[in-house]
Amino acid sequence: KVILTVAFYFRWYSVDAICTLNTLQTNASALEQVRRERCNPQVQLQAMRGFLERAGITVEELDHLNIIHVTGTKGKGSTCAFTEQILRSYGFCTGFYSSPHLVQVRERIRINGQPIGKELFTKYFWQVYGRLYETKDAHGGTMPAYFRFLTILAFHVFLQEKVDLAVIEVGIGGAYDCTNIIRRPWVCGISSLGIDHTQILGDTTEKIAWQKGGIFKSGVPAFTVKQPEEAMAVLKDRAKEISCPLWVCPELEDYKADCGPLHLGLAGKHQRSNASLALQLSHTWLQKRYQSFPSTHFDNTSILQATPFKPTPIMVKGLAETEWHGRNQTLKHGAVTYFLDGAHTMRSMQACLQWFTETAAQHERNASGPVTRVLLFNATGERDSAAMLKLLVPCHFDFAVFCPNITEAITSCNADQQNFNVSVENMLTRCLDNERSWRLHHSLGDNQGTQLLIEGGLPLISEKKADTLVFPCILSALQWITQGRDAVLAAKGVLAVKPNIAAKAALLRSAAEIHVLITGSLHLVGGALKHLDPESSK
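All the letters of the sequence shown, read from the start, carry residue numbers 725 to 1262 under this note's numbering.
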């Protein structure tokens, strides 16, 4: 009885930590204030330094984390995953901080490749939160916002757990990002650049490149994948300004391993540049660790071409064993195959499209009969969802399904995936806009008539066409798409819909297989994985 009581108390204490963390989410007015303040990065970094000190951490202590700092628009998380796996394969104790999380917030802070346990998260959360809360009155009542708090928490965890190194993924941008409080990383990396977060970073590739180059540090080696000409010119200027030696990574094919062509654990051709960047970052880190990094007399007028060295067997093994869920991920549940990718920019959607086209075609060749294709899509924020949807039209989906990033109608048990920055009304309106864009791309017109999709639910579906549907949550969308043919989802119950809506699913029930592409948002992919992969919620 005592054991059960303690277990219940701990579970409550852990959930309470997540709920308390969610109170730090930034509301719309505060976000606007952040955007205004970003013209003065020193204010941002000074505030971060103050929060760190209140939490009992000095900036000088971060120097001992032997940090690899990575930014980029597309592929920075995958690059970090490759890098962490390679160095972990060498036997080092690794810390890895990334964002966003897919299912549980603990995923953002990893030790040796695994999200920190609930006990560890709860213990360190209350240590850091308590110190900040106790000192807030002396500092104008201020508390760090959600991402800033998690960054501080990650640093605290890595210091307390005495990791050999920390791989730190930038949140947004670089120059003004709170991770840029780091003074002396061992090496920096920049993955593929493109247009995203334009309200914060700027609306041109040049402006975004300037922001990303803000993580460069004087004398600290930095590597970049090949970039568009205008972006590369800006990175070159930033490197010269900061006195940072900058190298461009070679093609992955240029690395000659004894085993022949390198095999990657992550699918998609676009991962090859990420893998090359990870090889350069890990190689440079190892050289510094063993004090074999050559002294560099950097020519500030040019960008150097990095050497394609011979990867060690450990590096080869690390690349092959890398996992990074929610990116080019395939899950097969009986007759239903899910293709999950959190692409949310035009460039990443193009890469997703190429991966899906090739991978789905392979699965269809092996299918025992007709295959029904379904798109499950959502996009958030300022992103051009209409343009992304246009890219997906040639895939010839039988159904296009839209839903907000709400995991299920009952949200009390989903504290990890709650978002207080956008109202439910706005989320549903965005879904209807996405559905309308899809129909316009198909020249289906814009029908004004709607009907109830779920018994007692919201009026969210067009009467006129059966190939587009809007659902109020991820679970209801998945249940309708799979029609009871996924045992994992079937265990969650049956979706009650009107008879005429159920009749429209005849194609799904008769198909030999159902192929579902889930894309447009990492939060959407994470919400889907919560239902499709129960282990991810434990």
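Every residue, glycine too, gets a C-beta built ideally from N, C-alpha and C.
Quiz prompt | Residue from His-1255, Gly-1208, His-1087, Val-1040 whose Cα sits closest to the Cα of Ile-1130 | solution = As a working note, residue 1130 is residue 406 in the sequence shown. A check of alpha carbon separations from Ile-1130 across His-1255, Gly-1208, His-1087, Val-1040 identifies His-1255 as the nearest.
Quiz item: Ala-1236 to His-1166, Cα distance in whole Å?
Solution: Stepping through the sequence shown from its first residue, residue 1236 is reached at position 512. Stepping through the sequence shown from its first residue, residue 1166 is reached at position 442. Spanning the two alpha carbons is a distance of roughly 26 Å.
Exercise. Grab me the residues of Gly-1248's own chain with a C-beta within less than 6 Å of its C-beta, minus the 5 sequence neighbours each way, in chain order.
Key: Indexing the sequence shown from 1 puts residue 1248 at position 524. Looking at the sequence provided, one finds Leu at residue 1248 rather than Gly. For Leu-1248, where only same-chain residues beyond five positions count, the Cβ hits under 6 Å are Asn-1102, Asn-1129.
Self-check item: Contact set for Val-891: own chain, Cβ-Cβ below 6 Å, skip 5 residues either direction
Solution: Stepping through the sequence shown from its first residue, residue 891 is reached at position 167. If we look at Val-891 and ignore the five residues flanking it on each side, its Cβ neighbours are Ile-792, Cys-804, Thr-807, Glu-808, Phe-820.
Quiz prompt | For Gly-782, the nearest candidate out of Ile-906, Thr-747, Ala-1220 (CA to CA) | solution = The residue given as residue 782 occupies position 58 in the sequence shown. Reading the sequence as shown, one finds Thr at residue 782 and not Gly. Cα-wise, what sits closest to Thr-782 is Ile-906.
Quiz item: Per the contact definition of three or more C-beta pairs closer than 8 Å, is the region 846–866 in contact with the region 891–900?
Solution: The answer is no - the region 846–866 does not touch the region 891–900, with fewer than three Cβ pairs under 8 Å.
Quiz item: Closest to Leu-844 by CA distance: which of Tyr-853, Arg-855, Gly-854, Arg-830 is it?
Solution: Locating residue 844 in the sequence shown gives position 120, where the first residue counts as 1. Nearest option by C-alpha distance: Arg-830.
Quiz item: Between Met-1151 and the rest of its own chain, which residues show a CB-CB distance below 6 Å, the 5 nearest in sequence each way excluded?
Solution: Locating residue 1151 in the sequence shown gives position 427, where the first residue counts as 1. Pro-1128.
Exercise. Leaving aside the five residues before and after Ala-1211 along the sequence, list all residues of the same chain whose C-beta is less than 8 Å from its C-beta, in chain order.
Key: Locating residue 1211 in the sequence shown gives position 487, where the first residue counts as 1. Non-local C-beta neighbours of Ala-1211 in its own chain, meaning closer than 8 Å and more than five positions away in sequence, comprise His-1057, Gly-1058, ordered along the chain.
Quiz item: Who are Trp-971's beta bridge partners in DSSP?
Solution: Position 247 of the sequence shown, counted from the start, is the residue given in the question as residue 971. Trp-971 is bridged to Phe-947, Leu-1028.
Self-check item: In DSSP terms, what Cys-912 is bridged to
Solution: Counting from 1 along the sequence shown, the entry for residue 912 is found at position 188. Note: Cys-912 sits in a beta bridge opposite His-793, Ala-946.
Quiz prompt | Cβ distance (whole Å) where Ile-1238 is taken to contact Val-1098 below 8 Å | solution = Translated into positions along the sequence shown, residue 1238 becomes position 514. Translated into positions along the sequence shown, residue 1098 becomes position 374. Confirmed, Cβ separation roughly 6 Å.
Practice problem: List the endpoints of the continuous alpha helix (DSSP H) containing Lys-964. | Solution: Locating residue 964 in the sequence shown gives position 240, where the first residue counts as 1. Counting along the chain, the unbroken alpha helix (DSSP H) around Lys-964 starts and ends at 953–966.
Practice problem: Leaving aside the five residues before and after Glu-954 along the sequence, list all residues of the same chain whose C-beta is less than 6 Å from its C-beta, in chain order. | Solution: Taking the first residue of the sequence shown as position 1, residue 954 is located at position 230. Hits under 6 Å: Thr-929, Glu-930.
Quiz item: Would the beta-carbon of Gly-780 fall within 7 Å of that of Arg-872?
Solution: If you number the sequence shown from 1, residue 780 lands on position 56. If you number the sequence shown from 1, residue 872 lands on position 148. Cβ distance not < 7 Å, so Gly-780 and Arg-872 don't count as in contact.
Quiz prompt | Limits of the unbroken beta strand (DSSP E) element including Tyr-1014 | solution = Within the sequence shown, residue 1014 is the residue found at index 290, counting from 1. That residue, Tyr-1014, is in no beta strand (DSSP E); it is neither H nor E in DSSP.
Quiz item: Do you know offhand how far Ala-869's Cα is from Leu-877's?
Solution: Position 145 of the sequence shown, counted from the start, is the residue given in the question as residue 869. Position 153 of the sequence shown, counted from the start, is the residue given in the question as residue 877. Across the structure, Ala-869 and Leu-877 are spaced so that their CA atoms are roughly 12 Å apart.
Practice problem: Express the C-alpha separation of Ala-1110 and Asn-1158 in angstroms, rounding to a whole number. | Solution: Indexing the sequence shown from 1 puts residue 1158 at position 434. Indexing the sequence shown from 1 puts residue 1110 at position 386. When rounded, the distance between both Cα atoms is 7 Å.
Quiz item: So Thr-1054 packs on Phe-1063, CB below 8 Å; how close in whole Å?
Solution: The residue you call residue 1054 lines up with position 330 of the sequence shown. The residue you call residue 1063 lines up with position 339 of the sequence shown. Contact holds; Cβ gap of about 6 Å.
Quiz item: According to the neighbour-count rule (16 or more other Cβ atoms, all chains shown, within 10 Å of its Cβ), is Pro-1223 buried or exposed?
Solution: Taking the first residue of the sequence shown as 1, we reach residue 1223 at position 499. Exposed, because fewer than 16 other Cβ atoms sit within 10 Å of the Cβ of Pro-1223.
Practice problem: Determine, using beta carbons only, whether Leu-1001 and Phe-947 come nearer to each other than 7 Å. | Solution: Translated into positions along the sequence shown, residue 1001 becomes position 277. Translated into positions along the sequence shown, residue 947 becomes position 223. The Cβ atoms of Leu-1001 and Phe-947 sit closer than 7 Å to each other.
Quiz item: In three-state DSSP terms, what is Gly-984?
Solution: Residue 984 sits at position 260 when you count from the first residue of the sequence shown. Strand.
Quiz item: By a C-beta neighbour count over all protein chains shown, 10 Å radius and 16 as the cutoff for buried, is Ala-1067 buried or exposed?
Solution: Counting from 1 along the sequence shown, the entry for residue 1067 is found at position 343. Ala-1067 sits buried, since 16 or more C-beta atoms from the chains shown fall within 10 Å of its C-beta.
Quiz prompt | Per-residue DSSP class, three states only, for Phe-1126 | solution = Indexing the sequence shown from 1 puts residue 1126 at position 402. The answer is strand: DSSP assigns Phe-1126 an E or B state.
Quiz item: Is DSSP giving Arg-1051 helix, strand or coil here?
Solution: To locate residue 1051, count along the sequence shown from 1; it is residue 327. Arg-1051 falls in the coil class under three-state DSSP.
Quiz item: How close, in whole Å, do the beta carbons of Gln-770 and Ser-1261 come, if the pair is a contact with beta carbons under 8 Å?
Solution: Taking the sequence shown and counting its residues from 1, one reaches residue 770 at position 46. Taking the sequence shown and counting its residues from 1, one reaches residue 1261 at position 537. Separation of the CB atoms of Gln-770 and Ser-1261 is rounded to 39 Å, and the pair is thereby denied contact status at 8 Å.
Exercise. Could you have a look at Gln-838 and say whether DSSP puts it in helix, strand or coil?
Key: The residue given as residue 838 occupies position 114 in the sequence shown. Gln-838 falls in the strand class under three-state DSSP.
Quiz item: Between Trp-934 and Gly-895, what straight-line distance do the alpha-carbon atoms span, to the nearest angstrom?
Solution: As a first step, residue 934 is located in the sequence shown; it is residue number 210 there, counting from the start. As a first step, residue 895 is located in the sequence shown; it is residue number 171 there, counting from the start. The straight-line gap from Cα to Cα measures roughly 15 Å.
Quiz item: Is Thr-1131 helix, strand or coil when you go by DSSP?
Solution: In the sequence shown, residue 1131 corresponds to position 407, counting from 1. Coil.
Practice problem: Pull up the distance between the alpha-carbon of Ile-833 and that of Pro-1118, whole angstroms please. | Solution: Counting from 1 along the sequence shown, the entry for residue 833 is found at position 109. Counting from 1 along the sequence shown, the entry for residue 1118 is found at position 394. Each residue's CA atom was taken as its position, placing Ile-833 and Pro-1118 some 38 Å apart.
Practice problem: Go ahead and label Glu-893 buried or exposed: buried means 16 or more other beta carbons lie within 10 angstroms of its beta carbon, across all protein chains shown. | Solution: Position 169 of the sequence shown, counting from 1, holds the residue named residue 893. Buried, by the Cβ-count rule.
Exercise. Could you check how far apart the C-beta atoms of Trp-1079 and Asn-1052 are, in whole angstroms? I think they sit under 8 Å.
Key: Numbered from its first residue, the sequence shown carries residue 1079 at position 355. Numbered from its first residue, the sequence shown carries residue 1052 at position 328. 5 Å between Cβ atoms; contact.
Quiz prompt | Status (buried if at least 16 other CB within 10 Å, exposed otherwise) for Asn-1090 | solution = On the sequence shown, residue 1090 is found 366 positions in, with the first residue counted as 1. Exposed, by the Cβ-count rule.
Quiz item: Would Lys-1034 pass as a contact of Lys-980 if the rule is Cβ separation under 7 Å?
Solution: In the sequence shown, counting from the first residue as 1, residue 1034 sits at position 310. In the sequence shown, counting from the first residue as 1, residue 980 sits at position 256. The Cβ-Cβ distance between Lys-1034 and Lys-980 falls below 7 Å.
Exercise. On the DSSP bridge assignment, give the partners of Tyr-979 in chain order.
Key: In the sequence shown, the residue the question calls residue 979 occupies position 255. Looking at the DSSP assignment, Tyr-979 forms no beta bridge with any residue, so it has no partner.
Exercise. Could you name each continuous alpha helix (DSSP H) segment of 4 residues or more that falls completely within the region 847–909, going from the start of the chain to the end?
Key: Counting only runs of 4 or more residues that sit fully inside the region 847–909, the alpha helix (DSSP H) segments are 870–884, in chain order.
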